[in-house]
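Residue numbers (our numbering): 947 to 1450. Written below as structure tokens is the structure these notes are about.
This is the structure in structure tokens:
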């Protein structure tokens, strides 16, 4: 790959606990991931992004990091992580890891020192009196310690926020970047990237945060081909673009596209705005349909309201599985055809639905507990993957995965879908293979379609993408059909279907 590999890469997100279990304890691990690297290579991934794999009490699925220089024992060892990096590189797969600079874990050495010695508290946000800020996970954002002071946690109480006015925090994270870059990691995804700095009245998108990423960019640029990726939930694309200036982050997740309803006008607006704002700073856009925090597309696109917003208000609302599946296939080809980078969350390529009937006693997401059960949390998109067989654990490993899989997933296993040429898995395999040679980074040119419910554009390679979001079939333009998300009859593109053509 070139030294700008990330501009057009297809990046596969691995939620390690739920990907594959190599030692039979019901929890995904590095051994399981290493055994499935050929699957990811054959799928067409260019890189793998892993959610946090560090030692952690797992109060928030590993986003409460206790030690950045080790591996959570449930997942494996540092030596195994180094083997994973080497084995992935042998297959020409890049490795991207998570860094969580907004907060730590109450189990970290720094926070334990702060509890024991008030003089060591400046690395965190301790105050004598709390303000009225509320946690993103629900409830107050402050917790009192035995001597009477309060510490800030924008997420769970087990996740105390760092104080980025302290130079020790800056130095620690720059050292962490070097620690992993020295071990061959190709990139870092920055969790909650806009939240680091706080004032007395605000805690998001404050100007000093940009200096942090300018320093990080200098660290990354001192190595070959390293990339910094921001998780930035911001109110507008213009704010996001400020983080993507040439001396800051290389790229960021496109949550506007992820959250967009299955509506042709909204999708066209988001695509145009994304391309325009990213062009102003020379950064590649990214296209994302799901991740470990988001309702799975097959379920979301089957609802009357197909958009996404945090809070779980739509959880349990009716969803048409056939409609959602058809739209998810169409959305996948639309996203793959757009210029820039692409993210695929594990199980998306299998067409897995959201699991909404998990027993309450098995839910582990703190959003569920902090909301008093009114928000079901994100466990439904984190259920372990089905690999093979006719009954749970479907080849995942161990007799009982950490979250139960639905019995009716037998037709959704990777094994079953590889044998079905019309499956979601084979659609992704074919689409990602064609994307690597014909699409990726670049630009697009919109084409007139004669119907404002049809999105049609062409790419530099001569590939035309047509997505029909209207209620009636529409005729395809001239050209060889390379791939379609549904069956075509007489060169008519059905509703909720996308096709790629090589135009003549």
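Ideal Cβ placement from N, Cα and C applies to all residues, glycine included.
Please state whether DSSP places residue i in a helix, a strand or coil.
i: residue 1116; result: helix
i: residue 1141; result: coil
i: residue 1264; result: coil
i: residue 1211; result: helix
i: residue 1082; result: coil
i: residue 1058; result: helix
i: residue 1200; result: coil
i: residue 1319; result: coil
i: residue 1156; result: helix
i: residue 1095; result: coil
i: residue 1014; result: coil
i: residue 1068; result: helix
i: residue 947; result: In this prediction, residue 947 has a pLDDT of 42, which is less than 50 and means its spatial position is unreliable; what the coordinates show is noted afterwards. Residue 947 falls in the coil class under three-state DSSP.
i: residue 1243; result: helix
i: residue 1073; result: strand
i: residue 1327; result: helix
i: residue 1301; result: coil
Are residue i and residue j close, meaning C-beta to C-beta below 8 Å?
i: residue 998; j: residue 1142; result: no
i: residue 978; j: residue 1230; result: no
i: residue 1159; j: residue 1114; result: no
i: residue 1461; j: residue 1013; result: What the structure shows of the chain is the stretch from 947 to 1450, and residue 1461 is not part of that stretch, so it cannot be assessed.
i: residue 1290; j: residue 1326; result: no
i: residue 1190; j: residue 1283; result: no
i: residue 1233; j: residue 1281; result: yes
i: residue 1363; j: residue 1296; result: yes
i: residue 1380; j: residue 1298; result: no
i: residue 1412; j: residue 1400; result: yes
i: residue 1151; j: residue 1140; result: yes
i: residue 1279; j: residue 1444; result: yes
i: residue 952; j: residue 1287; result: yes
i: residue 1100; j: residue 1374; result: no
i: residue 1267; j: residue 1244; result: yes
Under the assumption that residue i contacts residue j (Cβ atoms under 8 Å), give the Cβ distance between them as a whole number of angstroms.
i: residue 1072; j: residue 1095; result: 5 Å
i: residue 972; j: residue 965; result: Incorrect: roughly 13 Å between the Cβ atoms, too far for contact.
i: residue 1000; j: residue 1292; result: That pair is no contact at about 19 Å.
i: residue 1082; j: residue 1039; result: Not a contact, Cβ separation roughly 33 Å.
i: residue 1192; j: residue 1228; result: 6 Å
i: residue 1324; j: residue 1238; result: 7 Å
In whole angstroms, what is the alpha-carbon distance linking residue i and residue j?
i: residue 982; j: residue 1202; result: 31 Å
i: residue 1161; j: residue 1314; result: 37 Å
i: residue 1032; j: residue 985; result: 16 Å
i: residue 1442; j: residue 1395; result: 15 Å
i: residue 1349; j: residue 1303; result: 11 Å
i: residue 1342; j: residue 1321; result: 28 Å
i: residue 1398; j: residue 1135; result: 37 Å
i: residue 1133; j: residue 1041; result: 7 Å
i: residue 1437; j: residue 1422; result: 6 Å
i: residue 1406; j: residue 1285; result: 10 Å
i: residue 1206; j: residue 1187; result: 19 Å
i: residue 947; j: residue 1066; result: The predicted model places residue 947 with a pLDDT of 42, which falls under 50 and marks its position as unreliable, so this point remains unresolved.
i: residue 1116; j: residue 1180; result: 23 Å
i: residue 950; j: residue 1387; result: 10 Å
i: residue 1240; j: residue 1070; result: 29 Å
i: residue 1271; j: residue 1403; result: 23 Å
i: residue 1432; j: residue 1220; result: 27 Å
i: residue 1209; j: residue 1416; result: 9 Å
i: residue 1175; j: residue 1030; result: 21 Å
i: residue 1337; j: residue 963; result: 20 Å
i: residue 1204; j: residue 1439; result: 24 Å
i: residue 1080; j: residue 1449; result: 54 Å
i: residue 1084; j: residue 1074; result: 22 Å
i: residue 1118; j: residue 1125; result: 10 Å
i: residue 1344; j: residue 1370; result: 26 Å
With 16 other CB atoms within 10 Å as the buried threshold, where does residue i fall?
i: residue 1211; result: exposed
i: residue 1198; result: buried
i: residue 1144; result: buried
i: residue 1157; result: exposed
i: residue 1225; result: exposed
i: residue 1104; result: buried
i: residue 1022; result: buried
i: residue 1107; result: buried
i: residue 1034; result: buried
i: residue 1168; result: exposed
i: residue 1057; result: buried
i: residue 1328; result: buried
i: residue 1262; result: exposed
i: residue 1007; result: buried
i: residue 1077; result: exposed
i: residue 1367; result: exposed
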